[in-house]
Amino acid sequence: LARTLQGLDQFRQVSRDLTRGTLTGGVFTAAAYGLMVLLLIAELGAFLRVTYQTNIVMDQNHEELMQVNFDITMFDLPCKYLKLLVYDKWGEQKMNATELFHYLPVDHTGEGMGVAYTPEEIKVLEQTDVMTDVTETEKKDLEADWSSSSDGFHHTDFDKAVTYHEYTMVNFFAEWCVYCRKFSTIWNEVAQKMSDTMRFKDADGRDGTVHFMKMNCVDFSDTCSKAGVPAFPSMRLYKRDGTFEVFQGKRTIDNIIQFVTTNVRNSHMITARHHAVFNEGCQVRGTLHMPRVPGHFHMNAEAHGDVSVNPAYTNVSHRVNHLSFGDQRARYFAERAGVPAEFIENINPLDGRTFVTERFHEAPQHYLKVVSTSVEGHKGVFYQVTHTDRLRKLGRDGTAKMGAPQARVVYDLSPMSVVIRAKHKRWYEFLTSLFAILGGTYTVLELTSGAVDTVGSVVKEALGKAN
């Protein structure tokens, strides 16, 4: 048997007497051993490492209900005024706050919190909101002279026009008035010199400009009558809060400048900021079981007892402490199953995020796409969520038909499902790859060593002949 095996030997040994060692061969052998050890470690790590691949399939989840877990803190809406409504695709489903979720009063702290808005603050803040809400076309309409009803601008709201700027100087005139025609040259000159360019300081030391505007009381007679203009020409300096001062001096450029300078210098700008109306907020948390169809739930203010909340100024700023779909322990199970972090972080992407409204008549709106996800070889399903949001602007008249601000969460279910599959390298793939790497490395370095040794010998022979 031994002779037979020796006859089959394809790895015959060359006698050491027929070979010799070289310095080049030793260097490349050491390099080959070191490289093969590194490649062996890398290949072994690849064999032990688990990779994941995803497949997109039609959703096979046939559950009738889906669980929604939420924990949301409303910063400036007491629990007694907070109402949570749930809607599905086919109609309204109202949930009572007894079994499914709970309201917990919470405090919020901060400078100026817990005080009511004054009428002056509301007016200033409303006007500031209007200024930032207008389009370019609306801005041109507000800044244009009311010199003609056919000038191409939309002259619909005089009050809005004279309160759009911090200060607005208005010249009320009539085309039939001789004195108005004489004064028009002076007005045009002073308007060109001062309107939105010359700066004035108010009583608080703030810099500001004055916008100049003309009002044709022939084309806009109803507006002038409503404003109570007694004679022509008449000039008024309007402030942002709607109050005004009447110019009663001689109509000269110097007198107009002096009038504007004096009145602005004696004016205090009403400074206001949006703040909390109530001195407490509310944390609402719980679980909803909803039909597994697209729907939404929202939180808004409602009347309590004999007290109604003004919907126009309801603040629905909030923080999402937790929001997820499906089993509350889904994140734990996904981590136990070895699901990669990029999937796990999509289970509750809103957790810890804060959404604040800085102005009246606004409400954060959340739009969620819910994707059913499963891990091959494991029971159960968890849901990944993608999120976008926007601030919804509501009507400014505060009427019930316009609706109170709502913190709304709209969700939609994807018809596709994600299947996560763990992928391991098979043992025979590992061995094949390992032998290929080791054998290839040894062969390449052996050939390189031989080539270097041969070149060295040729060079030495050439140098010897040259000498």
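Going by our numbering, the first residue of the sequence shown is number 215, and it counts up by one from there. Each residue gets a CB set at the ideal place from its N, CA and C atoms; glycine is no exception.
### Task
Identify the continuous alpha helix (DSSP H) that holds L564 and give its terminal residues.
First-last for L564: undefined, no H or E at that position.
### Task
Would you kindly work out how many angstroms separate the C-alpha atoms of V673 and D667, rounded to a whole number?
10 Å
### Message
Just to confirm my understanding: we take T602, look at its own chain, exclude 5 residues before and 5 after, and list those with CB closer than 7 Å. What are they?
### Response
Y581
### Task
Could you tell me how far apart the beta carbons of T587 and I558 are, in whole angstroms, since I believe they sit closer than 8 Å?
In fact, because the Cβ distance is near 10 Å, the residues do not count as touching under 8 Å.
### Task
Reducing DSSP to helix, strand and coil, say where C496 ends up.
strand
### Query
Which residues mark the beginning and the end of the beta strand (DSSP E) in which Y170 is found?
What is shown of the chain runs 215 to 681, which leaves residue 170 out entirely.
### Query
For E459, which of helix, strand or coil comes out of DSSP?
strand
### Message
Checking 7 Å against the spacing of the C-beta atoms, do V271 and S631 come in under that value?
### Response
yes
### Strand pairing of N283, partner residues [DSSP]
T501 and S538
### Message
Within 8 Å, do at least three Cβ pairs link the stretch 392 to 405 to the stretch 450 to 470?
### Response
yes
### Query
Which one of V589, F649 and L296 has the shortest CA to CA distance from N269?
V589
### Message
Please give the ranges of any beta strand (DSSP E) in the stretch 346 to 394, keeping only runs that are unbroken, at least 3 residues long and fully inside the region.
### Response
381 to 387
### Message
Using a Cβ distance threshold of 8 Å, determine whether the stretch 237 to 247 contacts the stretch 653 to 665, with at least three qualifying pairs required.
### Response
yes
### Task
Determine the contact status of T382 and R533, defining contact as a CB-CB distance below 7 Å.
no
### Query
Among residues of its own chain, excluding the 5 on either side of L648, which ones have a beta-carbon nearer than 6 Å to its beta-carbon?
E257
### Query
Which term fits V392, buried or exposed, when burial requires 16 or more other beta carbons within 10 angstroms of its beta carbon?
exposed
### Residues that DSSP places opposite V623 in a beta bridge
F511 and H580
### Query
Just curious, the alpha helix (DSSP H) that G240 is in, first and last residue?
L237 to L262
### Query
CB-CB under 8 Å to V264, same chain, minus the five flanking residues each way: which ones, in chain order?
G552, A636, K637 and H638
### Task
Kindly indicate the opening and closing residues of the alpha helix (DSSP H) around Y295.
Careful: Y295 lies outside any alpha helix (DSSP H) and carries neither H nor E.
### Query
In terms of residue numbering, what span does the alpha helix (DSSP H) encompassing T475 cover?
I467 to R479
### Message
Going by C-alpha to C-alpha distance, which of L605, L537, F511 and N477 sits closest to S531?
### Response
L605
### Task
Decide if the stretch 501 to 517 is in contact with the stretch 289 to 302; the criterion is three or more beta carbon pairs, one per stretch, under 8 Å apart.
yes
### Message
Strictly by DSSP, which residues pair up with H316?
### Response
R499
### Message
On the DSSP letters alone, give me the boundaries of the alpha helix (DSSP H) that S448 sits inside.
### Response
From DSSP, S448 is part of no alpha helix (DSSP H) but of the beta strand (DSSP E) over S448 to K453.
### Message
Are the CB atoms of V658 and Y625 within a distance shorter than 7 Å?
### Response
no
### Message
Given a cut-off of 7 Å on the beta-carbon distance, is the pair T475 and F414 in contact?
### Response
yes
### Message
Run through the DSSP bridge pairs and tell me what R533 is partnered with.
### Response
T287 and T568
#### Entry: Own chain partners of C293 with C-beta closer than 6 Å, once the 5 adjacent residues on each side are dropped
Y317, P319 and C496
### Message
Here's the rule I'm using: 16 or more other beta-carbon atoms within 10 Å means buried, otherwise exposed. How should Q598 be labelled?
### Response
buried
### Query
Is the beta carbon of D359 less than 7 Å from the beta carbon of K428?
yes
### Query
Which residues bound the alpha helix (DSSP H) around F557?
A555 to I558
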